[in-house]
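Asks: Counting along the sequence shown from 1, when you hit position 24 you're at 965 in our numbering, and nothing is skipped either side. Where a beta carbon is used, it is the ideal one built from N, C-alpha and C, also for glycine.
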Amino acid sequence: MSHCPICGRDKQDEFCPYHQTASNNLKEMHEKWQIAAGLSWEDYLDKISDIEDTGRWIREVIEFITTQGNL
Ligand SMILES: [Zn+2]
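(1) Does the stretch 990 to 1005 touch the stretch 950 to 963, meaning 3 or more C-beta pairs lie closer than 8 angstroms?
(2) Extract the residue ranges of the beta strand (DSSP E) inside the stretch 964 to 1002, only unbroken runs of 3 or more that lie entirely within it.
(3) Would you check if there are 3 or more beta carbon pairs closer than 8 angstroms linking the stretch 964 to 974 to the stretch 982 to 995?
(4) At a cut-off of 8 angstroms, is residue 1016 close to ligand 1 when judged by its beta-carbon and the heavy atoms of the ligand?
And the structure:
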């Protein structure tokens, strides 16, 4: 068992269950946003992190993705 690169909890897949769920939600939401607004992944991440309601887990995933340059 290895650890979530974001928080160090035991991970299941790429992340721990919390960050994995956040990451899945992020990807699912992007598909909807892409259809609705034609946003690229980078623009979408920018927008999501500007929204006050965006939860802590999602923010941490965005931060991780952008600092890794793993877009
Ligand atoms: Zn985590």
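Replies: This is what the structure holds:
(1) yes
(2) none
(3) yes
(4) The requested residue 1016 is not part of the displayed model; the chain covers only 942 to 1012.
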